[in-house]
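Each remark here refers to the structure printed beneath this line.
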Amino acid sequence: MFLINCPYCGERDQQEFKAGGEAHIERPKQPTELSDDEWAEYLFMRKNIKGVQFERWNHAHGCRKWFNMVRDTSNDEIKAIYKMGEKPPA
Amino acid sequence: MIKNLRVKSSEYIDETNRISFKFNGKTYHGFKGDTLASALLANDVHLVGRSFKYHRPRGIMTSGSEEPNAIVQVNPGTNRTEPNVRATEVEIYEGLEASSQNCWPSVEFDIGGINNFLSPFFPAGFYYKTFMWPASFWEKYEFFIRHSAGLGKSPTSNDPDIYDHRNIHCDVLVVGAGISGILAAKNAAKNNFKTLLVDEKNELGGSTIFENNKFNKIDNKTPSEWLKKEIEELKNIKNLEIKTRTSVAAYHQYNYLLARENLTDHLEAKDKTNKIRQRLLKIRAKKVILATGALERPLIFNNNDRPGIMLSSAIKKYSEFYGVACGSKNVFFTNNDSAYESALSLYNKGINVEAIIDIREQSESKIVKKVKEAGIKVYWSHTIVDTAGYKRLNGISIMKLSNDGTSVTGSKISISCDCLGVAGGWTPAVHLYTQSGSKLKFDEEKQIFLPNQNTSQQISVGSCGGDFKIDEIIKNLNQKLKDNLNIKETDLDNIKVEIDQENSKRNIWLLPSDKPLGKTKPFVDYQNDATAKDIKLALREGFRSIEHVKRYTTTGMGTDQGKLGNMHALGIIADTAGVKMGELGTTTFRPPYTPLTFGTIVGRNVGKFFDIFRRTPINDWHVENKAEFENVGQWKRAWYYPINGETMHQAVQRESKAARESAGILDASTLGKIDIQGSDASEFLNRVYTNAWSKLAVGKCRYGLMLNEDGMVYDDGVTTRLGENHYIMTTTTGGAANVLGKLEDYLQTEWPELDVYLTSVTDHYATASLCGPNSKNILKKIIPDLDLSDENFPHMSFKEAHIGNIQCRIMRISFTGEHSYEINVQASYGKDLWEKCIEAGKEFNITPYGTETMHLLRAEKGFIIVGQDTDGTMTPIDLQMDWIVSKKKYDFIGKRSLYRSDTMREDRKQLVGLLTDDPNIVLEEGAQIVSELNQSPVEMLGHVTSSYFSPNLKKSIALAVVRGGKDMMGKKLFVPMENKNINVTVANPVFYDEKNERLNA
C-alpha cells in the first residue's frame, strides 16, 4: 500500500487514489485527420514497462485532482510526483 | 495414571491457579500461564495430531508460532470454534476444549494411517499423476480426496465475537520484544520517537528472558535477570506503546504493516462476551525495526517426525519457562552448541539426559566441557539413522558418520529414550523483511539467508539480522540504532557483556542412513508430509526452479508455510543439483506470517455494514408503504409497491397501467446530478456529448449521449441550461461517480484552458417524477400560480417555482413517454414534496411506482438503459440512435472511433425490438437469438436485453441486440430455450405511441 504525496493535499494512503494509466499521452487535436492506425495508436497502445514509468494518478477520494507520478514498477519506488502541465523530471 | 512432568516451579506459571481443560474429550489440568502445548506435555501427552498425507502420528515440535504438527481445533462444535490453531500459541483457560485434526475416528486410532504403509504409492505429484484419467472422473476423485484430507472444520454458525480495525501512525515500529527489540524500542522512545513495540507472545523478553546460562553475563547478571530489569524500566518511558499477543501478519510497501492483536482468546467464555476479540492494526511507520529473532532448524534424518522428537530450544523453553520436562529419558541430536545449553538446562533441573549425538567431530567450548563434567555421554561424529516408536518415540539407532558426511560406517548403537531434542542451527526469521520487498543474500559461512541491506525505512537487528551472540547483538544493535535513528548516545554504550558461546557448526542438510534414501522417511515439511525423497524425485523428473519444486512436492505449502523445513528443502535441492544456495534463491515469503481469522480481516464490516448503501430522502415513505427494494449501485431503490399480497408481476402491471391511464409517481432522487458552471460550459458539453449544445436556450432541456473515446456508449441523461453559464447534468444512477471522474479527467488533463467547474450535487436534491395524463392537474394543485400551458412550459423545458416557501426546479421531461414533470427540491424537503404530490394526486388515483415499472414503461417506448441494453460494445449507430450524433461538430469524445473500420461494420450487433409470435410468452433477458434451428453449431445472432409483458399493449415486448438487426425488420427468428423454441419477429423498438403524441396529452 503506497504512501502517495498528493501535490495538493500531502501524504495520503493509496486507497484514496485511483491509477489512471500511462502519462503524457496527449489527445490528438485533430482526430479526424488521423488514419485508423494512428488513432488506434492513441486509443489502445500503452506501454507496460518493468522499470521507471510515467503514470497518471487521481486523488479520487480527496481533492479529485489529477497529477503525474514517476514510479519504478520493479520495486514500486515513487521517484517523483508533479502536477499536470508541469514538465516531467529528467 | 497420568505422569506429572512438572519440574521445579517457574515464575511464569501460577501454580496456585489450577485450570482444567479438555483435549480430545479427556479432562486434563494445567496452570495459568501454560499454553495448551505445555499443559499437554506436563501431562505426558505428545501425540496430538496426524500428518496430512500419511496420517502419521505427530507430536508437539516447537514452543512457538512456527509449529507444524500440533495444530488443533479449538472449542470444536461451538460457534467460536477455530481450526488450524497452533497448540503452542493457545493460552489455556478454564473450560478450554481442543481436539486433534485430520484423523478419524481418533488420533489414537486413525483409519487414514493405512496411507503410511501405502506410502510407496504416494510419491510427489501423486495426485497429478493418478487422477488425470479419465478426465471426466476428476469430480468423483475430488470428492474422496477432499473428504480424506482437509485440516479442521470451519464453524457452521455465526461468529458471536466482535472484531475491530485500528489505524496507527508511529515514528518507529519495533517488531519482536526479545532482547534486541526491547533495547531498540527503549532507545527509540527515549529519543522522542513515537514508538510501538509488538510481540506475538503474552510476555516480553523472547528467549533471553529464560536464559539462565551462567556462562553469559550482562553487567554481571545472567541475561534473564538483566533483561527483567530492562523490561521493568519500559513502564516509565513515555512515547512507548507496547502490544503483546500481537502478531505482525504482513509487511507491505512504504512501511505499511498489518498486525493482529489478540484480546480475548486467552479468556474464559464468560469473559469474552461483548468484548473485541481481535483487532487488526493497520500500522504506517516512518521506520521499522525488525527484531523477529531466529527459528531453530530441525535436522533431516530417517523417521525424524515421531511424537517425542522436538526442537532442542523448545525442550529448553518448556523446562525453563513452563517448568515442564518433555521426557524422562532425553537425548539431544545436534550440529552446534545449542543442544548443550538445552541439555545443561535439563540437567540443572534434575531431568535425566541420556546422551548427546553430535555430527561434529568435536567442540571445546566451555559449555561442552560442562556437559561432559555432568557425566552426559557425547557421541561425536555420529548421526541418527533411525528412530523407533509409533505413537511415541522409544528409541533411536545411531552410527558413525563418514568424513564427508554422506554415509555411515561401523556398527549400529541403540539408545532408549522418550524425547529427542534436535538442534540444526538457527534460521533468521526474515519473512517480514522479504515481504517488504527487500532482498536476501546467502551467507556461505553461517549457511543462512540474511537481510542484504538496511534501508532508511527499516533495519533488521538481533538474530533476524544474523547476530547470534549477545555481545555481537548489542554491539551491532547500538551502531544500527545510531545510524538509522540518527542519535548520538544510547543506553547500550556502556553495557558489559561476558560470553562463552561458540558458533561452530557442521551443516549437513540431509543426514545419511544405513538404508538407501528410497527406504527411509526423512521429513522436510512435517505438515505436508514432504520428504527429502520427494524433493529428489522432483529434481529427477526435471523440476529445477525452487518455486516449481515447492508446488510439485507441496513443501512449505502448509499452514505453517514451511517455517522449519524450507531451508533444508533448499539445501537438498542445491546439493543435489550441484548449485550454490545463493544462486538458488528462496521461495517467496507471503503474508500472513501466521494465519488470520476472517473476522479480523473484515473487522466491523459485517451484516448491514458489509457494504455501504445509500438511501434517498424519500426512503422512509417507501418503507412505510411496504415497497420492495432493489440495489442499484449503492442505492436502495423502491422496486415495486405490492398491495394486498400482490406478486411482483401483478404490482408492476397495475403500476404501469395507472401511470399511463392517470398518474404515477417515481422517486428519481438517485439519478446522478452534476452542476456545471463556467464561461466555457456550453463548449464543454459540446465536447463531451455526441449532439450539439451551443444553441440550447436558457430554460431548456436536452437529452445527451456520452461516449467513451472508443466510440461506445458510456452514459446518457438530460441536461438543463439553468443560466447562461450554468447547467445541471443528470447521469444514470450507477454511472454518476464515473461520469464525474471522466469529465474531471478531460477538464484537468486535456482541456485545462476551459473555464468550467464541476460539482456533484446528487445528494443535495430529492427528485419526484410525476407522470401520466393527470400529472399536469396534480402539479397545478401543488403550484397554482405556475402557468403549465404548453406555450409557457413546453416539453423539454425548465421552470423555477415555489411550493409554499420551498424553492424547486421543475423539468418537463419524460422517460416514460407520458406527459411528465421532474420536481427537484433541496434533499431535506424531499419527503414533504413527495407527500404533497401523493395528497394532491389522490383524486387522480396517483400510483407510486418503482424501478421495475419505470423499466417497463421506457421499454414500451424503446428507450435504452445504459448498462442493460448496452454493454460497452454498442455505438450510438448500433443503437439506431444516429439522430443524436452530430455530423456538424468537428470533434467530441469518441467521434473519431465511430469511423473506424470495425465500428462501421454493417454486421455489428444492433438494437432492435422483438415480438413473440405468441403474445403471452415473455422472453428471458439474456436469452440467445438464432436464425436457424436445425444447424449445428448454430450461429448466435445476439441476445435479449430487456423483456416485459406490457399491460398497455397487452402483449409481450422485448429489446434485443442482433447481428445486422437493422436490416432484419419483420424477419422471423428463434429464441431456443431449454424446453421449447420461441418464435419471434424483429420489430421497431418503439412499441408504444411512436409519434410521441402522449407527451403533450
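Top line first, the protein sequences correspond to chains A and B.
Start counting the first sequence at 241; every next residue gets the next number (our numbering).
Start counting the second sequence at 2; every next residue gets the next number (our numbering).
Ideal Cβ placement from N, Cα and C applies to all residues, glycine included.
Note that this is a predicted model, so its numbers are computed, not measured.
Does DSSP put residue i in a helix, a strand or coil?
| i | result |
| --- | --- |
| L667(B) | strand |
| D994(B) | coil |
| N224(B) | In the sequence on display, residue 224(B) carries Pro and not Asn. In this structure, P224(B) counts as helix in the three-state DSSP scheme. |
| P271(A) | helix |
| T720(B) | strand |
| C809(B) | strand |
| W510(B) | coil |
| E251(A) | strand |
| F845(B) | helix |
| K440(B) | coil |
| H47(B) | coil |
| Q654(B) | helix |
| D387(B) | strand |
| A928(B) | coil |
| C104(B) | coil |
| E83(B) | strand |
| D472(B) | helix |
| A300(A) | coil |
| L41(B) | helix |
| R7(B) | strand |
Give the C-beta separation of residue i and residue j to the nearest angstrom, bearing in mind that I take them to be a contact with Cβ-Cβ under 8 Å.
| i | j | result |
| --- | --- | --- |
| F242(A) | I318(A) | 7 Å |
| N80(B) | N192(B) | Contact flag wrong, Cβ pair sits at about 47 Å. |
| E67(B) | L565(B) | 6 Å |
| A961(B) | L915(B) | 5 Å |
| L478(B) | L493(B) | 6 Å |
Can you tell me whether residue i is buried or exposed, with buried defined as 16 or more other CB within 10 angstroms of its CB?
| i | result |
| --- | --- |
| V580(B) | exposed |
| Y13(B) | buried |
| Y252(B) | buried |
| D306(B) | buried |
| M970(B) | exposed |
| Q436(B) | buried |
| F992(B) | buried |
| K317(B) | buried |
| W694(B) | buried |
| L228(B) | buried |
| Q936(B) | exposed |
In this structure, what does DSSP give as the bridge partners for residue i?
| i | result |
| --- | --- |
| T760(B) | D676(B) |
| C171(B) | A286(B) |
| D15(B) | K33(B) |
| Y322(A) | N308(A) |
| M707(B) | Y690(B) and D716(B) |
| T986(B) | L916(B) and K973(B) |
| F630(B) | A639(B) |
| S415(B) | S398(B) |
| L347(B) | Answer by DSSP bridge pairing: none, since L347(B) is not bridged. |
| F24(B) | K27(B) and A99(B) |
| S964(B) | First, the amino acid is wrong: residue 964(B) is Arg here, not Ser. DSSP lists K910(B) as partners of R964(B). |
Can you give me the Cβ contacts of residue i inside the same chain, cut-off strictly under 6 Å, excluding the 5 residues immediately before and after it?
| i | result |
| --- | --- |
| T521(B) | N303 and S514 |
| G965(B) | D908 |
| L697(B) | R703 and R722 |
| I163(B) | I277 |
| A320(A) | V310 and P329 |
Once you ignore the five residues that flank residue i on each side, which residues in its own chain have a CB closer than 7 Å to its CB?
| i | result |
| --- | --- |
| L268(B) | Y94 |
| G302(A) | C246, C249, R252 and E256 |
| K323(A) | P247 and F307 |
At least one CB of chain C closer than 9 Å to the CB of residue i: is that the case?
| i | result |
| --- | --- |
| D312(A) | Here the protein chains are A and B, and chain C is not one of them. |
If I measure Cβ to Cβ from residue i and keep anything under 8 Å in the same chain, skipping five residues before and after, which residues do I get?
| i | result |
| --- | --- |
| K330(B) | N353, E355, S417, C418, D419 and C420 |
| H765(B) | K674, Q827 and A828 |
| F444(B) | In the sequence as presented, Phe is not what sits at residue 444(B); that position holds Asp. Closer than 8 Å at Cβ, skipping near neighbours: F450, L451 and G467. |
For residue i, verify whether its CB is less than 8 Å away from any heavy atom of the ligand ATP.
| i | result |
| --- | --- |
| K317(B) | The ligand ATP is absent from the structure shown, which contains no ligands of any kind. |
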